[in-house]
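2 protein chains.
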Amino acid sequence: MAMVSIKDVAAHAGVSPGTVSNVLNRPGKVAPATRERVEAAISELGFVRHGSASTLRAGHSRTIGLSVIDIGNPFFTEVAAGVEDVASELGYAVILGNSAGSPDKEDRNLRVLSEHRVRGVLITPSGEDPARLDRLREHGISVVLVDHPAHRPDQCAVAVDDVAGGRAAVAHLLAKGARSVAYVTGPLTIRQCMERREGAKAAMLAAGLDPGELRVVEATTMTARAGEKAAAELTAGPLPEAVFCANDLLALGVLRALLRAGVRVPEDVALMGYDDIDFAAASTVSLSSMRQPTYQLGRIATELLLDECDNPETHAHQHIMFQPELVARESTQ
Amino acid sequence: MAMVSIKDVAAHAGVSPGTVSNVLNRPGKVAPATRERVEAAISELGFVRHGSASTLRAGHSRTIGLSVIDIGNPFFTEVAAGVEDVASELGYAVILGNSAGSPDKEDRNLRVLSEHRVRGVLITPSGEDPARLDRLREHGISVVLVDHPAHRPDQCAVAVDDVAGGRAAVAHLLAKGARSVAYVTGPLTIRQCMERREGAKAAMLAAGLDPGELRVVEATTMTARAGEKAAAELTAGPLPEAVFCANDLLALGVLRALLRAGVRVPEDVALMGYDDIDFAAASTVSLSSMRQPTYQLGRIATELLLDECDNPETHAHQHIMFQPELVARESTQ
DNA sequence: CGGCGGTAGTAAAACGTTCTATTAGCGGAG
DNA sequence: CTCCGCTAATAGAACGTTTTACTACCGCCG
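If you read the sequences in order, they're chains D and R. If you read the first sequence in my numbering, its first letter stands for residue 425, the second for the next number, and so on. If you read the second sequence in my numbering, its first letter stands for residue 425, the second for the next number, and so on.
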């Protein structure tokens, strides 16, 4: 347990601790000869800077927090990959928090992030309570919303138009001839689920149908397992001609259950997912879906956050809204 | 940017900073009346403890590092979910590092983790260089290997028997009547890929075949896209009767490419994956695979790590080796 | 009534950095 | 030869906690 400090390095190189600090942080400020001496001492002693001490004194860390709703969902995994890539390029560490849809857990995670004095937080909020995020801001922690429109003007946000997505999805189903549509969704407290439903209704209205006819099946989570359960509910009554699912995991579950029940897709029921995760194209019946620029979402959000942190005076807050893209496959032929 | 410190709380509650610290860390040591007063002050001022200061003084943090090879792979995502669950239950934060198979990136990540003075590190090493991990240990950072056997006795490790897995997979293919087998793998520098190949050869030997006949196609990454490319190489020559893939992502890619090339699975070629990710069961032709206790891998590794950190004197190092389980589906009917 | 043991709380020193003055050294302009 | 300006390096305070040693107080026993 050899804890080598900056002092040891200084002694070994015959300089003062301040000089070592300068070598570490502003190498330009120190004469080449001494710099080399210090660098030699550093590698010789195996010194590694104590991040906490540095954070304490400097007042800020090189760490950001990422809070997502479900790390098991490939959508968020891909977002996380984008975040991690940018962060790592710029020398930031990422602390991962998985809220699993529970606001309590999200709160706990945000508390941990506050204690770590992260530079900023990327979050896909699971509820609609901006107060907690405002509290972070009051503590000087920048917040960028991911896959969620901004709560307020002086804040960055990167989102995808979910109303448009829901509308395009259901419009596509209706164009294929379906007259009755079911919407299999996660908890309607989740904004994405709610807005995709609004879009779905708008599409029905535009097609001259009664939006009230949209049959909504609400699952408690957005997983394949939950999709299977939801499908059971569908097959219990008269089958709709089309099913729109709030994400691909639900859709894959619904697909599996329908096929097992002897329902043909798309002949008996047309099926649409959302997110266009990699596996949508590879499933039993390849799945039509709404593609979102997932990896880009993570990258851009992180770039905005780090710009806000590193250049607070020149930073301009941005609200970015992507448009989702329809990908038609077998499940809606 | 109201930075409330323990001193402010102390002043507000009319006590000394030391007492506030006691309320935070050993509430039993302080009289109920004062404790309440302090707690009131804490919530009134919105105080949140400065983790770095605490880490600096106490000498250790409540943070662990997790370094995986590919966060985009559902296998690792599920491991991460297990890790996150246990860590969060015990009040630890998790710093995520994605090595993307590059030892350089892994090194960078480990350096970041060292700087953060994490309590311990969970790692699926991408190479076979134990030296870097030993360096961590010298700095007092515990290391637990995940999905990898132990490098040394005084270390915990949680692994799955990859040789046995490879053997079982290929034995299954041979039992279904295949005589020629191809192995589509990621880089053979990855231990898992190598050992599964050894298992595959052992199975051929046991069946009276020449292990040298195993046709090995080495992809540069272990993704579906890489699988598609590898399949192109397969379809170029005479088709093998069976293909064993080092993981399910490769297998899904191979499957997609084979079907597109008009090759029937399993009639023309039997196909096996590895990991049994959720999507294996849902794919076009449902995929036979080797199931591993993935979530448990993450959970148990984290429990071992935190036990090692929190009870260093009573902790007994463990090498846990799980056995994978064959799951037969359509692709090997 | 003096001393003893226990509890509740305090003061002050650490932890390893960064940062702000400050000094030392030196070349060149006046 | 003095003074200015500049670079290179230093000393020492500060960041917000935790911890150790200490004091103050109270009740109780002898």
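From the three backbone atoms N, C-alpha and C, an ideal C-beta is built for every residue, glycine too.
Beta-bridge partners assigned by DSSP to R715/D: D699/D, E749/D. For D702/D, the C-beta contacts it makes with chain R under 7 Å involve A648, in order along the chain.
At the C-beta level, L683/R and A648/R stay beyond 8 Å of one another. Residues V503, G506, V507 of the same chain have their beta carbon placed closer than 6 Å to that of G722/D, with the five preceding and five following residues left out of the count. Taking a cut-off of 8 Å on C-beta distances, the region 574-583 of chain R does not touch the region 592-609 of chain R, as fewer than three cross pairs fall below it.
Contact with chain D is absent for L546/R, since none of that chain's Cβ atoms lies less than 8 Å from the residue's Cβ.
Contact of I495/D with chain R is assigned, a C-beta pair being separated by under 8 Å. Take P498/D, set aside five residues on each side of it, and the residues of its chain with a beta-carbon closer than 6 Å to its own are I701, in chain order. Contact fails between the region 687-700 of chain D and the region 475-485 of chain D, because fewer than three Cβ pairs, one in each stretch, are under 8 Å apart.
Judged by pairs of C-beta atoms under 8 Å, the region 427-447 of chain R does not touch the region 741-751 of chain D, as fewer than three such pairs exist. Along the region 509-523 of chain D, the positions whose C-beta sits under 9 Å from a C-beta of chain R are D509, S512, G515, Y516, A517, V518, I519, L520, G521, N522, read in chain order. Restricting attention to alpha helix (DSSP H) runs no shorter than 4 residues, the region 464-496 of chain D encloses them at 475-482, ordered along the chain. Taken through DSSP and simplified to helix, strand or coil, H739/D comes out as coil.
Residue range 498-513 is occupied by the alpha helix (DSSP H) that includes T501/R. Residues of chain D whose Cβ lies closer than 7 Å to the Cβ of T738/R do not exist; the shortest such Cβ separation is about 19 Å.
For A725/R and L546/R, the gap between their C-alpha atoms comes out near 7 Å.
Using beta-carbon distances, T501/R counts as an interface residue toward chain D, with a partner under 8 Å.
Between the alpha carbons of D528/R and H596/R lies a gap of roughly 38 Å.
G544/D sits close to E732/D, with the two beta carbons spaced by under 8 Å.
By the Cβ rule, the region 509-529 of chain D counts as touching the region 483-499 of chain D, because three or more pairs are nearer than 8 Å. Under DSSP, the beta-bridge partners assigned to T609/R are E642/R. When 8 Å is used as the limit between beta carbons, R532/D is near these residues of chain R: S512, in chain order. In this structure, the beta-carbon distance from A654/D to A670/D does not fall below 8 Å.
Residue pairing for V567/D: DSSP places it in a beta bridge opposite V545/D. Taking 8 Å as the CB threshold, E749/D stays off the interface with chain R. Just so you know, the alpha carbons of E552/R and I614/R end up roughly 8 Å apart.
Between A627/R and R680/R, the CB-CB gap reaches or exceeds 8 Å. Beta-bridge partners assigned by DSSP to L520/R: V518/D, L490/R.
Note on M427/D: under 16 other CB atoms within 10 angstroms of its CB, so exposed under the neighbour-count rule. Distance from the Cα of S538/R is smallest, within the candidate group P549/R, E562/R, G515/R, Y516/R, for E562/R. Beta bridge pairing from DSSP links A666/R with V605/R, A694/R. The beta carbon of Q757/D lies closer than 7 Å to those of P690 in the same chain, with the five residues before and after it left out. S440/R sits in coil when the DSSP states are folded into three classes, being neither helix nor strand.
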